[in-house]
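Take a look at the structure set out below.
Chains as they are written, first to last, in the working numbering: chain A, 1 to 79; chain B, 1 to 182.
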């Protein structure tokens, strides 16, 4: 898999539902369409919630990975 | 696009029952759903300037309350071991303990501590997030009169007080209305 270079990183480590989703939404608002946001979370609920958020809002979830026990998401802001 | 409106009716004024309406509303709004919370009866305390700071969770009459101590307590020598034994023996604080003065405050501070350690937002934070996400916070006029709460007693950023009719009108004006009662 080609490495994704994010335009911005949001670290929500330690935060629990619903904060990762709410902060993701806020961070995406500050980006330009097409830019990529990297979201780091320790909340296991984010595994279902972040994809659901993307599906609903139309932002593209490019990739999901687990790194050092954390969940990492790459989201491309919808154009 | 069809309009979607979610209205949550918050009727409870305990710490635990303040969470579901605020979490659901903030998330729904961030998903693009027009969202409102109608605060009625004890739910008004969630948006009361003073009372919101003292929302409590009571062990009495709450058999589902687990005997859980915050991780920081469990890590304390001796006290942590006692806490561990209590948790393994008892499913929850015995109901009779609820009548001991100070028990409700103790359980409340334990719950708040646990929430902080687990990264759960505070009620104040969630209210701010709701406002930022554009959630309409509507106090119930009748209950305000009943309890003697003035509009100035409530937090900033609220809609004007409304009644049941206006509330239903608002919700049902959408193509896809949804109501949740908490």
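Quick reminder that beta carbons are idealized off the backbone N, C-alpha and C, glycines included. Source: prediction; values computed, not measured.
(Q) Please give me, in chain order, every unbroken run of the alpha helix (DSSP H) with length at least 4 that falls completely inside the segment 88-168 of chain B. (A) 103-117, 123-132 and 141-147
Q. Grouping DSSP H, G and I as helix and E and B as strand, with all else coil, what is residue 73(B)?
A. helix
(Q) Alpha carbons only, please: which of 151(B), 21(B) and 10(B) is nearest the one belonging to residue 49(B)? (A) 151(B)
(Q) Residues of the segment 7-25 of chain A in Cβ contact with chain B at a cutoff of 8 angstroms, in chain order, please. (A) 14, 15, 16, 17, 18, 19, 21, 22 and 25
Q) residue 11(A) bridges to which residues according to DSSP? A) 40(A)
Q) What are the boundary residues of the alpha helix (DSSP H) that residue 50(A) is part of? A) 46-57
Q: May I ask you to list, following chain order, the residues of the segment 25-44 of chain B that have a beta carbon less than 8 angstroms from some beta carbon of chain A?
A: 26, 27, 30, 31 and 32
(Q) For residue 118(B), would you say it is in contact with chain A, using Cβ-to-Cβ distances shorter than 8 angstroms as the test? (A) Output row for residue 118(B): interface = yes.
(Q) What does the alpha-carbon distance come out to for the pair residue 76(B) and residue 110(B)? (A) 14 angstroms
Q.
Would you say residue 129(B) lies against chain A (beta-carbon separation less than 8 angstroms)?
A. yes
Q: Go ahead and pull the three-state DSSP assignment for residue 178(B).
A: strand
Q) Roughly how many angstroms separate the alpha carbons of residue 32(B) and residue 16(A), rounded to a whole number? A) 21 angstroms
**Q.** Sequence-distant residues of its chain with Cβ nearer than 6 angstroms to residue 6(B) (five each side left out)
**A.** 28, 33, 35 and 178
Q: At 8 angstroms on the CB atoms, spell out the chain B contacts of residue 56(A), in chain order.
A: 31 and 32
Q: Tell me, please, whether the CB atom of residue 180(B) is closer than 8 angstroms to any CB atom in chain A?
A: no
Q) Smallest Cα separation from residue 56(B): which of 92(B), 112(B) and 131(B)? A) 112(B)
Q.
List, in chain order, every chain A residue whose beta-carbon is nearer than 7 angstroms to that of residue 121(B).
A. 19
Q: Return no unless some Cβ of chain A is closer than 8 angstroms to the Cβ of residue 213(B).
A: The displayed coordinates of chain B run from 1 to 182. Any statement about residue 213(B) would go beyond what the structure contains.
Q) If you scan the segment 10-77 of chain B from start to end, which runs of the alpha helix (DSSP H) of 4 or more residues do you find wholly inside it? A) 15-30 and 71-74
Q: Sort 89(B), 15(B), 134(B) and 161(B) by Cα distance to residue 45(B) and report the nearest one.
A: 15(B)
(Q) Check for me: the alpha helix (DSSP H) holding residue 95(A) runs from which residue to which? (A) Shown here, chain A extends from 1 to 79; a query on residue 95(A) therefore has no answer.
Q: Would you check if the distance between the CB atom of residue 91(B) and the CB atom of residue 66(B) is smaller than 8 angstroms?
A: Using a Cβ distance threshold of 8 angstroms, residue 91(B) and residue 66(B) count as a contacting pair.
Q. Is it buried or exposed for residue 59(A), if we count other Cβ within 10 angstroms and need 16 for buried?
A. By the Cβ neighbour-count rule, residue 59(A) is buried, with 16 or more other Cβ atoms within 10 Å of its own.
Q. Can you name, in chain order, every residue of its own chain whose Cβ lies under 6 angstroms from the Cβ of residue 37(B), other than the five neighbours on each side?
A. 8, 10, 21, 25 and 137
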